[in-house]
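Protein sequences, first through last, are from chains A and B. For what it's worth, the numbering used here labels the leading residue of the first sequence as 133, then goes sequentially. For what it's worth, the numbering used here labels the leading residue of the second sequence as 17, then goes sequentially. Glycine is no exception: its CB is placed at the ideal position from the N, C-alpha and C atoms.
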Amino acid sequence: MGDTIEKVSVIISKGSLDGIYPGLIMANGARAEGIETNLFFTFFGLDAINRKRHEHIKLASVGNPGLHMATWLGGFPGMASIMTHYMERHIESLDIPSIPEFIEMIADTGAGMYACKASVDLFRLEKDDFIDQVQDIITVGEFYERAAGGEIIFT
Amino acid sequence: MPSRSYAGVDVEVGEDGFFVHPEQWTEEMAPVIAKESGVDDLTPRHWQVVNFMRAQYMAKGDSPSVRLLGKASGVPVKELYELFPKGPAKLAAKIAGIPKPRSCI
Chain A
133 MGDTIEKVSV
143 IISKGSLDGI
153 YPGLIMANGA
163 RAEGIETNLF
173 FTFFGLDAIN
183 RKRHEHIKLA
193 SVGNPGLHMA
203 TWLGGFPGMA
213 SIMTHYMERH
223 IESLDIPSIP
233 EFIEMIADTG
243 AGMYACKASV
253 DLFRLEKDDF
263 IDQVQDIITV
273 GEFYERAAGG
283 EIIFT
Chain B
17 MPSRSYAGVD
27 VEVGEDGFFV
37 HPEQWTEEMA
47 PVIAKESGVD
57 DLTPRHWQVV
67 NFMRAQYMAK
77 GDSPSVRLLG
87 KASGVPVKEL
97 YELFPKGPAK
107 LAAKIAGIPK
117 PRSCI
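So this is what it looks like as structure tokens:
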């Protein structure tokens, strides 16, 4: 049994489209394999579970060499929205859910969802600012307690 | 290639226990494979998922993902995980005698 993963904790620390999806895919995929899973949102990753913001997650069009686009072009007004729109259409065509739908589905799979207390305090947020699927706001110590005995994936 | 005996018939399975030839599967084999995979009692709700998996595979040549199951099988995602705690798409595919789903979502 030593070569199977029984439990994972996935940390999402970034608030861009490309910063959030990988962690969601790792978490959802873990549940699909029957692995116990917790998602922990910290820093700008909190936008993924922020009621007002989770439907407006953008792709980073500046400082993102992966786009293979001139830096000055990425800074043009509206560029982040255009690139995000393009990426979202592509994601949808592959039948990958939007971020809000994906998070709702992952919660339905039985994964735990938690917000990081330090970041919540930093951004002056409260439990009500988050979507209903978020179970609790927890400290880093509580995170380690919940993560005990499993693998930790930081994204 | 390893083989297993289900309901008195020898079938060829892959390393991970999934059927190599879905046409070798019969309904009588399902409860035995289910028990082996930790699902002791195949209820009508389990069957709804297993039958949907098989029908989709036969129609499309692809094993459905959990998301598709949740959208189209008539069993919501939450219940899918109650029925198949160790992974709905994976277990239902195994029980339905079709290949392991290869979707990342």
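May I have the straight-line CA-CA distance separating Gln267 (chain A) from Phe68 (chain B), to the nearest angstrom?
Rounded to the nearest whole angstrom, the CA to CA distance from Gln267 (chain A) to Phe68 (chain B) is 33 Å.
Reducing DSSP to helix, strand and coil, say where Asp179 (chain A) ends up.
The three-state reading of DSSP puts Asp179 (chain A) in helix, counting H, G and I together.
What's the call for Val55 (chain B), buried or exposed, on a 16-neighbour Cβ count within 10 Å?
Counting every other CB atom within 10 Å of its CB across the protein chains shown gives Val55 (chain B) a total of 16 or more, marking it as buried.
Quick one: what's Lys146 (chain A) bridged to in DSSP?
Paired residue(s): none; Lys146 (chain A) is not in a bridge.
Less than 8 Å between the CB atoms is what I'm expecting for Lys139 (chain A) and Ile167 (chain A), so what's the real figure, rounded?
At roughly 6 Å, the Cβ-Cβ gap stays under 8 Å, so Lys139 (chain A) and Ile167 (chain A) are in contact.
From what residue to what residue does the alpha helix (DSSP H) around Asp240 (chain A) run?
Residues 231-240.
Do the CB positions of Val272 (chain A) and Ala250 (chain A) come within less than 8 Å of each other?
Yes; because the gap between Cβ atoms is below 8 Å, this pair is in contact.
Under 8 Å between C-beta atoms of Asn170 (chain A) and Ala279 (chain A):
Yes; because the gap between Cβ atoms is below 8 Å, this pair is in contact.
Exposure of His186 (chain A), with buried meaning 16 or more beta-carbon neighbours within 10 Å
By the 16-neighbour rule on beta-carbons within 10 angstroms, His186 (chain A) is buried.
How about Lys184 (chain A) and Leu149 (chain A): are their beta carbons less than 8 Å apart?
No, the pair does not count as a contact, with Cβ atoms beyond the cut-off.
Spatial distance of Ile144 (chain A) from Phe286 (chain A) (CA atoms):
Cα to Cα, the separation comes out at about 7 Å.
Ile235 (chain A) and Ala180 (chain A) closer than 8 Å at C-beta:
Going by C-beta atoms, Ile235 (chain A) is nearer than 8 Å to Ala180 (chain A).
Whole-angstrom Cβ separation of Glu44 (chain B) and Ala23 (chain B), contact assumed at under 8 Å?
Sure, about 4 Å apart at Cβ, within 8 Å.
Between the alpha carbons of Glu283 (chain A) and Pro80 (chain B), how many angstroms are there, rounded?
One alpha carbon belongs to Glu283 (chain A), the other to Pro80 (chain B), and they sit about 27 Å apart.
Sequence-distant residues of the same chain with beta carbon closer than 8 Å to Met133 (chain A), five excluded per side:
With a pLDDT of 49 at Met133 (chain A), under the threshold of 50, the modelled position of that residue is not reliable, and the figure given next carries that caveat. Same-chain partners within the cutoff: there are none.
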